[in-house]
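Just so you know, our numbering puts 128 at position 128 of the sequence shown, and the rest follows in order with no gaps.
Step one of this worksheet: look at the structure below.
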Amino acid sequence: MSVDDLTDTIKPKSDQLNADDMLTGAIVVVIKGVRRGSVEQPVIIDIDGHMPYKPCKTMRRVLVTAWGQDGKLWVGRSMKLYCDPTVKFGGVALGGIRISHISHIGKSINMMLTASRGRKKEVVIHPLVETDHSEVIKKYIAIKDDGERNVMWNGLTQFQQIAIKADFDSRNN
C-alpha cells in the first residue's frame, strides 16, 4: 500500500455505493446489470468497478424517463454520479447520490420531480458525451510490457479506462 493515494482508506464499509464514495469527486460508471431488490430499495444497478448503486425514487424516475422502463436495456450504458450534499433524510441534510449526465440521450432532459411532500424541484440531466476510443483501445492492447501498460493506464482519462474495461469484458464473456 502506498501513500500516493489514500482514497481507499476513507471508503465506507457497505454493500452498496454511498454518497461518501464520491467525496473526492464525481464518478462515471458503466451499467453491468439491473435487478430487483427489496421493498425499500427496489432497484439494484450493478456497475463496473464499484459496489452496486441503489438509486432513490427520484433517480429511478430520471432513468425510466430517459431510458425507458426495461432495465435490461440499460446494460452497457453510462452515467455520471455525484454526491449532492443538500439531499435530506429525516429532515437532515446528509447528502445523497445524484445523476448529472447519462449516455444515450441526444439533449438535456428537464423534469419537475417531487423533492419532498408537496414540493417539486427541477432536475436537469445532461448527455454524457461518448467518444470513439477504438484507437486508444488498440494501442493499449498492443502493449505487451506490464510496466508500459501501467504508465499508459495512469495517463488515460476515466472515459478511456471505462472503454478499455468494457472492451476487455466483452472479449472475455
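Just so it is clear, CB atoms sit at the ideal spot from N, CA and C, and this is done for glycine as well.
Keep in mind that this is a model prediction, so the values were computed, not measured.
Return the CA-CA distance between residue i and residue j, expressed in angstroms with no decimal places.
| i | j | result |
| --- | --- | --- |
| threonine 86 | isoleucine 109 | 21 Å |
| glycine 71 | tyrosine 53 | 13 Å |
| aspartate 46 | phenylalanine 159 | 18 Å |
| valine 136 | aspartate 167 | 11 Å |
| valine 92 | isoleucine 31 | 30 Å |
| valine 124 | lysine 144 | 43 Å |
| serine 170 | threonine 58 | 31 Å |
| glutamate 148 | glutamine 16 | 34 Å |
| histidine 133 | alanine 163 | 7 Å |
| glycine 76 | serine 14 | 24 Å |
| aspartate 146 | serine 2 | 19 Å |
| leucine 63 | tyrosine 140 | 32 Å |
| threonine 9 | lysine 120 | 37 Å |
To which residues of the same chain is residue i closer than 8 Å at the C-beta, ignoring the five residues directly before and after it?
| i | result |
| --- | --- |
| aspartate 84 | Ala19, Gly95, Gly96, Ile97, Arg98 |
Pick from the options: whose alpha carbon is nearest that of residue i?
| i | options | result |
| --- | --- | --- |
| histidine 104 | Gly68, Arg117, Met111, Ser116 | Gly68 |
| arginine 61 | Ala93, Arg171, Asp145, Pro42 | Pro42 |
| valine 39 | Cys56, Val28, His133 | Cys56 |
| valine 34 | Leu73, His126, Ile164 | Leu73 |
| lysine 107 | Thr24, Ala66, Phe89, Ala115 | Ala66 |
| glycine 90 | Ile102, Arg36, Arg117 | Arg117 |
| lysine 138 | Ala115, Lys165, Ser78 | Lys165 |
What first and last residue would you give for the beta strand (DSSP E) that runs through residue i?
| i | result |
| --- | --- |
| glycine 95 | Note, glycine 95: premise wrong, no beta strand (DSSP E); not H, not E. |
| methionine 111 | 109-116 |
| glycine 147 | Per DSSP, glycine 147 belongs to no beta strand (DSSP E); it is in the alpha helix (DSSP H), 146-155. |
| isoleucine 47 | 43-47 |
| histidine 126 | 119-127 |
Return the chain-ordered list of same chain residues with a C-beta closer than 7 Å to the C-beta of residue i, the five sequence neighbours on each side being excluded.
| i | result |
| --- | --- |
| tyrosine 82 | Met22, Ala26, Arg98, Ser100 |
Could you give the C-beta distance for residue i and residue j, rounded to a whole number, given that I count them as a contact under 8 Å?
| i | j | result |
| --- | --- | --- |
| leucine 128 | lysine 80 | 6 Å |
By the DSSP assignment, the alpha helix (DSSP H) with residue i in it spans what residues?
| i | result |
| --- | --- |
| serine 170 | 158-171 |
| leucine 63 | 57-67 |
| serine 134 | 134-142 |
Note down, in chain order, each residue of its chain lying with its Cβ closer than 6 Å to the Cβ of residue i, except the 5 sequence neighbours on either side.
| i | result |
| --- | --- |
| tryptophan 153 | none |
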